[in-house]
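One structure is given here, and the rest of the page talks about it.
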């Protein structure tokens with residue numbers, strides 16, 4: 005979520021960044037359009053969901069393969 009907000013801010017603060025730098029947002033966040041308030045909050049919610057999904061999948065795998073006691 006922090007990375008998402010920082011990247012959006014960088015798009016405003018550094019207008020010299022080519023628009024191709026924003027294309028991954030369109031790929032990874034369905035419904036994201038550069039940039040409206042609704043799209044900003046949609047991307048923010050999607051980044052939180054993706055973060056939780058990654059944690060739910062990879063933390064148990066990490067604990068299992070690295071022998072963390074239960």
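Numbering (my numbering), first residue to last: 5 to 74.
Virtual Cβ for every residue (Gly too), placed ideally from N, Cα, C.
The model shown is predicted, which means the values in this text are computed figures rather than measured ones.
Query	Result
Excluding the five sequence neighbours on either side, which residues of its own chain have a C-beta within less than 7 Å of the C-beta of residue 64, listed in chain order?	none
Short of 8 Å in beta carbon distance, which residues of its chain neighbour residue 46, apart from the five on each side in sequence? Order them along the chain.	33, 35, 36
For residue 14, which residues from the same chain have a beta carbon less than 8 Å from its beta carbon, with the 5 sequence-adjacent residues on both sides left out?	21
Mapping DSSP to helix, strand and coil, what is residue 56?	helix
Since residue 7 is in the alpha helix (DSSP H), which residue starts that stretch and which ends it?	6–17
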